[in-house]
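Residue numbers (the working numbering): 18 to 118.
This is how it looks when you write it as structure tokens:
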């Protein structure tokens, strides 16, 4: 499909949601994520790419950015909204019943 010039001419943007999984999954679990750079090459430099993640530590961001050659052919714009989420809380408490009960 991506090798079709007709399809590529109509392709505007490739969106990758939860892009942070590329960092961990490309190595073993979902190795297809490691092939996104080839997909980027197949789609051509005319198509835009957008990577989205709510958890992009610097190391993971740099890996994803490099993996799909972001900024090599087109301008790159990044928005860092931080990770302060006052509406999210982590609660740890003992189990009332064991798994075997």
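We put the CB at the ideal spot given by N, CA and C, even for glycine.
| Check | Outcome |
| --- | --- |
| Is it right to say residue 18 is buried, meaning 16 or more other beta carbons lie within 10 angstroms of its own, or is it exposed? | exposed |
| Can you tell me which residues form a DSSP beta bridge with residue 65? | 30 |
| When you compare the segment 57-64 with the segment 36-43, are there three or more beta-carbon pairs, one atom per stretch, that lie closer than 8 angstroms? | no |
| Within 10 angstroms of the Cβ of residue 29, are there 16 or more other Cβ atoms? Answer buried if so, exposed if not. | exposed |
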